[in-house]
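Chains as they are written, first to last, in my numbering: chain A, 1 to 305; chain B, 1001 to 1305.
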C-alpha cells in the first residue's frame, strides 16, 4: 500500500559546531517521504518555487516517490536557516522565509484521495486538517507537530487531534501541550485529546509509545557521532508510516506499532550521520535490517511470558 | 551467596516541592544493603554514632542484613540535607556534617573478607580501595561513585577503577569523568580505565550498560509520580549486586548483567515512590517480579535471532 505524505519542502542552511552548508534539500515532507520510501510507495503533497533545483526532484523520483501532488509554482521555495549549539541538542532558528509556502493550499490529485495511510508531517495544523478533509477512506492517520503550532495554533491542533489515530511529538512539546512534567502522564493526557496512540520522541534517549493500557519504550540506536540532527523527527515519522503501509494489515495493532517505532528510529539514526538527506542516498535495506537487529539485541534481557 | 556492601549510613533531611522530612534513614550503604537484601544475604560495613536510632538498626536486622561490620562509635551520625527543585531532576545540597564518618576506616570483620560479591557503594574512593585491600577472593566487584570524587579525588578513583569489574555512575558523571558529551563514547572510554562493565544511569531515561562489544539499553519503569529520588542510584546498585550474588554463577556474563540492571531499575522505581527507605518496608518479591515483567513487556518488539 501507499502512504500519503504532506508537509514542507524547502531549502535549508544548517550550521553545526563543525560545519555549515547552504541550500540543502530539507523540509518535513522531504525527510518523511524519502524515509517512508524505503518501505512503501509514497504520494507526496507539497509546494516548491521555480528555483527548486531539478536534482532534488530527480532524487525524489529515484526513490519512486509519486510527484503528481508536488506543486511547482512561480516564486521562491520555502527556506529555513538554523544553527546547532555545542552538544547538538539545542538549536536556534536564524531565519525563515515562507515564500511560496505562504499561500499553499494542498489540493490532492484525484488519485491520492483514496490513499489509506496518511502522514501529516509537520506543517500548520489547519493545512493538515485540509488534507484530511480530502481523504475518502483513510485507514490510519499520523500527525506530527512542533512547538510553534502549540504556541500559535493550539485550537487548530486540538481540532486535528480528534481526527488522527496517532500523534508524534518530542518530549518538550508533550510537556508544553499538556502542562505535565512527567512524560508518562503527558503521553496519557494526549491520548485523551483524541489520538489512540502517542509517540514521544526523546532524541538520544529514544522514544516512548503509548496505547490503551499499553506502553513501549524504545532505546535510541547507540550512535557515537551525530553530524546534523535536522529532519531526525521527520525521518522517524516517515519510516514509521512507511513500515505500517508496507504491511497492509486490516488493523494497526500496538505490536505492529512497536516495530514501526523501531524502524523509524533506525531510519533517523542513519539520517543524522550526514547533512540533509545525504545518508539516505546510499542507504540499503540490509543497512536497515542490521540496525533493527542491533536494537533488538540492545533491548533484550529475557523472554516474554 | 552474600554481597558485601560498604558505604555511608546517615540521617537525611530532604525537602521536595511538596514535603520536607528530617532525620530520615539515608546513606548509600543503607539504600544499597536493603535493596540487595531482597535477593541475597548482605554483609554491611559502615559507621554510625551513638545517636543513630535503634529502630533503624532493627530495620536492617529485619532484612537479615549482617551487622557485624557496623561500627557504632561515640559521636554523631553522618548527616546530609538536600532540596529538590521543581521537576525533581536537580537538587542542591543544603548541608553536610561528616561527624563520625570523618575518621572512618572500614575494617572488615574476619568472616567478611571472603565475601565473593562486593558493592563499593558511594564513599571516598580511598575508602573503597581500603575495603578491597581486605578482600581475599572477590569474584565480582562493583563500584559506585559521584561527581564530588571526580572533582576532588580523581587520582584515587582512577586507581580504584583498575581493580573493579564494574563501575556505576550517572550520565553527568560519565561526561565529567571522560570529557565526552556522547554517552556512548563515554561508556566505552570508561571501560578503557579498567572496569570490564560500565552502567550509566539516566534517571527517567533508564540506563545504558556497556561490555566488550556488547551494549544494553534499559528503559526506566514508567512512573507517573516520584516522591523522593534520594537513594535511587544506591538502590539500583544494591538490587543489581544482590541479584548477581543470588545466582552464584561461576562467571558473571553480559546476559546476566542485563537482568541485574533491570532488577536494579525495578528496585529504584519502588524506592522513589516514598521518602527514605519507607517503600522498601512493604515491598514483596511479587511486587518486584510484577515490575520486572512490566519492563519486559515495555521493551519487547521482536524475537532475537
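Don't be surprised by glycine CBs; every beta carbon is placed ideally from N, CA and C.
Can you tell me whether residue i is buried or exposed, with buried defined as 16 or more other CB within 10 angstroms of its CB?
i	result
residue 94(A)	exposed
residue 62(A)	exposed
residue 1207(B)	buried
residue 85(A)	exposed
residue 192(A)	exposed
residue 305(A)	At residue 305(A), the pLDDT of 47 sits below 50, so the modelled position is not reliable; the number obtained from the coordinates is stated separately. The residue in question, residue 305(A), is exposed, as its Cβ has fewer than 16 Cβ neighbours within 10 Å.
residue 1006(B)	buried
residue 1201(B)	buried
residue 49(A)	buried
residue 1043(B)	buried
residue 1017(B)	exposed
residue 1289(B)	exposed
residue 1271(B)	buried
residue 222(A)	buried
residue 1170(B)	buried
residue 74(A)	exposed
residue 66(A)	buried
residue 1284(B)	exposed
residue 128(A)	buried
residue 1265(B)	buried
residue 148(A)	exposed
residue 1055(B)	exposed
residue 297(A)	exposed
residue 19(A)	exposed
residue 1053(B)	exposed
Quick one, which of the options has its alpha-carbon nearest residue i's?
i	options	result
residue 250(A)	84(A), 125(A), 117(A)	117(A)
residue 126(A)	114(A), 150(A), 113(A)	150(A)
residue 130(A)	232(A), 31(A), 45(A)	45(A)
residue 114(A)	141(A), 92(A), 104(A), 100(A)	141(A)
residue 1183(B)	89(A), 204(A), 54(A)	204(A)
residue 96(A)	87(A), 78(A), 107(A)	78(A)
residue 1071(B)	1083(B), 1100(B), 1082(B)	1100(B)
residue 81(A)	60(A), 10(A), 286(A)	10(A)
residue 1229(B)	1068(B), 1088(B), 1056(B), 1177(B)	1088(B)
residue 1254(B)	212(A), 211(A), 302(A), 263(A)	302(A)
residue 1134(B)	1237(B), 1091(B), 1109(B)	1109(B)
Got a sec? Which residues, its chain only, sit under 8 angstroms from residue i by beta carbon, not counting five neighbours each side?
i	result
residue 1258(B)	1209, 1216, 1218
residue 225(A)	273
residue 1269(B)	1220, 1221, 1223, 1291
residue 102(A)	none
In chain order, what residues of the same chain have a beta carbon less than 7 angstroms from the beta carbon of residue i, not counting five sequence neighbours either side?
i	result
residue 1001(B)	1040, 1116, 1117, 1245, 1248
residue 146(A)	122, 173
residue 26(A)	10, 11, 12, 80, 230, 231, 276
residue 1190(B)	1167, 1174, 1177, 1178, 1198
residue 139(A)	116, 117
What are the start and end residues of the beta strand (DSSP E) that includes residue i?
i	result
residue 97(A)	91-97
residue 81(A)	78-84
residue 4(A)	2-6
residue 1056(B)	Run containing residue 1056(B): none in the beta strand (DSSP E); it sits in the alpha helix (DSSP H), 1054-1062.
residue 1199(B)	1197-1201
residue 1117(B)	1117-1120
Establish whether the CB of residue i and some CB of chain C are separated by less than 8 angstroms.
i	result
residue 184(A)	In summary, chain C is missing from the structure at hand, where the protein chains are A and B.
Residue i lies in the alpha helix (DSSP H); which residues open and close that run?
i	result
residue 1280(B)	1278-1282
residue 1150(B)	1147-1152
residue 1256(B)	1254-1271
residue 1217(B)	It is not in any alpha helix (DSSP H) - residue 1217(B) instead sits in the beta strand (DSSP E) that spans 1214-1218.
residue 1243(B)	1232-1247
residue 45(A)	Run containing residue 45(A): none in the alpha helix (DSSP H); it sits in the beta strand (DSSP E), 41-49.
residue 1133(B)	1125-1133
residue 1287(B)	1285-1299
Leaving out five residues before and five after residue i in sequence, what residues of the same chain have Cβ atoms less than 6 angstroms from its Cβ?
i	result
residue 1076(B)	1049, 1051, 1099
residue 1104(B)	1047
residue 280(A)	34
residue 1028(B)	1007, 1008, 1121, 1122, 1234
Taking Cβ-Cβ distances below 7 angstroms as the criterion, which residues of the segment 1231-1265 of chain B are in contact with chain A? From the segment 1231-1265 of chain B, only 1258, 1259, 1262 have a Cβ closer than 7 angstroms to chain A.
At a Cβ cut of 8 angstroms, what residues of the segment 1059-1089 of chain B count as close to chain A, listed as they run along the chain? Under the 8 angstroms Cβ criterion, the segment 1059-1089 of chain B contributes 1086, 1087.
Please list the residues of the segment 199-223 of chain A that have a C-beta atom closer than 8 angstroms to any C-beta atom in chain B, keeping them in chain order. Correct list: 202, 204, 205, 206, 208, 215, 216, 217, 218, 219, 220, 222, 223.
Near-chain A residues of the segment 1167-1184 of chain B - C-beta to any C-beta below 8 angstroms: 1181, 1182, 1183, 1184
For the segment 268-299 of chain A, which residues have a beta carbon sitting closer than 7 angstroms to at least one beta carbon of chain B? 293, 296, 297, 298, 299
Residues of the segment 1014-1039 of chain B with a CB closer than 7 angstroms to any CB of chain A: list them in chain order, please. none
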